Every structure is written in structure tokens, then in C-alpha cells.
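Notes to accompany the following structure.
Residue numbers (mature numbering (1 follows the signal peptide of the UniProt record, and there is no 0)): -27 to -1, 1 to 314.
In C-alpha cells form, the structure reads like this:
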């Protein structure tokens, strides 16, 4: 298993943990699981912006969350093809360069995915993305610097964030601002994942209830103190998170879920990321690395970035169709939207 820790079923035929020197937070293959974050409890309805990323056939993959009526975010290792070894994807995706940053568009077919939103997904509808957008998509390698650009943009990023783009007005609210991660802050980690390594009992019913567990931010993004959390390289857009008492924290299927401030709205400050523990079969032990949400505010521009790509990927449902017309568990795949002229 790789060092990145949290996602739900494999991208291909193996568990989808990122294959760099650092394991993703877990991707969940099927197995005998308790449907909860380790040491967690059911999340309140204020977390109704939380979401689960599924394959088009309804198979759970990762957790996610909504940031606007057109954009949801999750971990890139959940939805993008994995370069082996780290480097450009086998089939080069369309790219757009904006302010010295490279964005990739649809490195994986958006029709492969569905999003379900809410704290209880038993009756949730499936929302179909029409584009996927990522930034500097090269796991475990620094962003490719371009000059001249501001020093603040020249950062060593793990780039484990992807924006899922939907037609305007598709996704339900609330749409919350993104807050910075502050050292010493108590936060809440939420997801729809499992609590132990799945894979023993394929008949296990996938979790549908969102769970959360408390954690503490130990260092701000870019702080050298983050290096003590891992033997791998912590990006300048990432921060260290600890949980006490252990075992407690994210596990299989929680990758990409929201890390929220402990306030009345559960305002997001980060995205569940990865751990470098070699024994990822036991969840909730040791520190985890999270992606700072404010370092990826570009996700709010994802629809515009997608349109800048060559061929301008379609951002509307076909013939006025409904991109949220299938109930949870329904494997029906909507007809692909037509490209705009």
C-alpha cells in the first residue's frame, strides 16, 4: 500500500492509495467495516455540504465537499490516473497555464464519477460532474516554476486537490468560505469511510452516514515543523494534524473529506490527505497530513479554467437535461453533455 492514506475502492484493480513515497489517506476496497471515522461520531446536519465521490456505478471511492453551486473538491489521488513512476500521466490531458500555474483538465473522464451530498446518503441523489480540474498534477514532485512569478507561488506542492465541475446551480448549499489552518486550533475531520482495512467481506454495505472526529493542527502550512509529522516531503500547501486519544482519525474512504473549524457551521479549513505510516491497515494511529483549503482557492475558478482548455469541455447538461436525476445506488449514467459551439 502506498503512503497516501484515505480514498475508497481502487482506481484500477488495486486499492487507490497514492503510489508515491507517501501513502494517500485511504481508498476503500470492499470489506467488513464499521461505517465511521476511527474514534468518531455521527456528524451534525451542519455538515450537509459534505459529499461522497462514487464511481458512476455507485461504488464508493472517497469523501469530498461542496464549495459552490458548481464546484466540489476532493483529493486528486481519488479521481486522477496515477503516473507510474511519478510524472506526466500516460495520456497527456489538456492543460491551461494561468499566473504561472499549470492546470490539467479531464485527465480522467468526468463521466466515470458521481457525487452524493449530505450527512446521510441513503436517499441522496447522484450529481454528475462535467469536468475535472487539477493543478500541477505531479504527485510527490515540486510545482514546475515559471519566471517571472511571485515567490509565494513558487512552492513545493503535493498537488493532491481536484475540483469537480458541475453545471451552474447544480449542487446544494450551504456554500461556506475557506478558512486558514491555525496552529493549535481544534478541528473536526469528517468522511464516509471505513474504520479498518476493507477487503475481507465483499458483501459489506458501503457506509452512507457521515462521521467526524476531533483533531489538532500542530503547524501552519509552510512551517518547517510539519516535517516532524512524516518521513516524506510535506508541501507548502499542507499541514500536520494529530488526534488524541488514539486510535482516532481518518481511514479507508475518508480521503478528500472536509477538515472543519469547530464553529457553528463547520467551516472548512482543509482536505483529508495522507499519512506516511507503512502500516496503513491500522487507522487512527500517528499524525496525518492535510491539504490547506485556502492554498487551493483556485478551485472556485475551476469552471472558468475548464472552459479555457482546448476544446472547451461542456459545462451544461444535454438538451436541458438534469445532471442530478439519479437516486443513490442507481448505476444509470447520464448521456454526456454536448460540447459548446
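The beta carbon of each residue, even a glycine, is placed where N, CA and C say it ideally should be. All figures in this text were calculated on a predicted structure; none of them were measured in a lab.
Collapsed DSSP secondary structure at residue i in the structure displayed
i, result
"residue 35", "strand"
"residue 104", "strand"
"residue 272", "helix"
"residue 85", "helix"
"residue 159", "strand"
"residue 27", "strand"
"residue 265", "strand"
"residue 18", "helix"
"residue 52", "helix"
"residue 154", "coil"
"residue 137", "strand"
"residue 71", "strand"
"residue 10", "coil"
"residue 95", "coil"
"residue 260", "coil"
Distance, residue j Cα to residue i Cα
i, j, result
"residue 198", "residue 264", "15 Å"
"residue 247", "residue 99", "27 Å"
"residue 153", "residue 213", "13 Å"
"residue 141", "residue 202", "40 Å"
"residue 228", "residue 42", "22 Å"
"residue 22", "residue 242", "13 Å"
"residue 134", "residue 53", "10 Å"
"residue 17", "residue 147", "14 Å"
"residue 280", "residue 144", "19 Å"
"residue 96", "residue 196", "42 Å"
"residue 259", "residue 216", "8 Å"
"residue 289", "residue 87", "The predicted model places residue 289 with a pLDDT of 48, which falls under 50 and marks its position as unreliable; any figure quoted below should be read in that light. Going by the C-alpha atoms only, they are around 16 Å apart."
"residue 36", "residue 91", "11 Å"
"residue 122", "residue 192", "The predicted position of residue 122 is uncertain, since its pLDDT is 30 and thus under 50; a value taken from the coordinates is nonetheless stated next. So the two alpha carbons sit approximately 26 Å from each other."
"residue 50", "residue 15", "26 Å"
"residue 25", "residue 71", "29 Å"
"residue 245", "residue 38", "11 Å"
"residue 1", "residue 27", "With a pLDDT of only 41 at residue 1, under the threshold of 50, the placement of this residue in the model should not be trusted; the figure read from the coordinates follows. Cα-Cα distance, rounded: 11 Å."
"residue 40", "residue 32", "23 Å"
"residue 13", "residue 261", "16 Å"
"residue 320", "residue 48", "Since the first and last residues shown for the chain are -27 and 314, residue 320 lies out of range."
Beta-carbon proximity list for residue i, same chain, < 7 Å, skipping 5 on both sides
i, result
"residue 150", "240"
"residue 194", "154, 209, 210, 211, 212, 265 and 268"
"residue 343", "For residue 343 there is no data in the structure shown, the boundaries of the chain being -27 and 314."
"residue 81", "52, 53, 54 and 105"
Beta-carbon proximity list for residue i, same chain, < 8 Å, skipping 5 on both sides
i, result
"residue 11", "168, 186, 220, 221, 222, 223, 224, 256 and 257"
"residue 93", "181, 182 and 183"
"residue 200", "207"
"residue 189", "157, 158, 159, 160, 214, 215, 216 and 217"
"residue 20", "92, 163, 183, 185, 231, 233 and 239"
"residue 270", "151"
Chain-order list of residues whose beta-carbon lies under 6 Å from that of residue i (same chain, five-residue window excluded)
i, result
"residue 136", "44, 46, 106, 272 and 275"
"residue 278", "69, 76 and 106"
"residue 282", "67, 69 and 78"
Neighbour flag for residue i against chain D, beta carbons, 8 Å
i, result
"residue 99", "Looking for chain D here will not work: only one protein chain is present."
> Which parts of the region 172 to 221 are runs of the alpha helix (DSSP H), unbroken and 4 residues or longer, counting only runs that do not cross its ends?
Replying inline: Taking 4 residues as the shortest admissible run, the region 172 to 221 contains no complete alpha helix (DSSP H) segment at all.
>> If we require 4 or more residues per run, which alpha helix (DSSP H) segments fall completely within the region 217 to 247?
In response: List check, alpha helix (DSSP H) in window: nothing returned.
> Are at least three pairs of beta-carbons, each pair with one atom in the region 156 to 164 and one in the region 231 to 238, less than 8 Å apart?
Replying inline: Under the Cβ criterion (8 Å, minimum of three pairs), the region 156 to 164 counts as touching the region 231 to 238.
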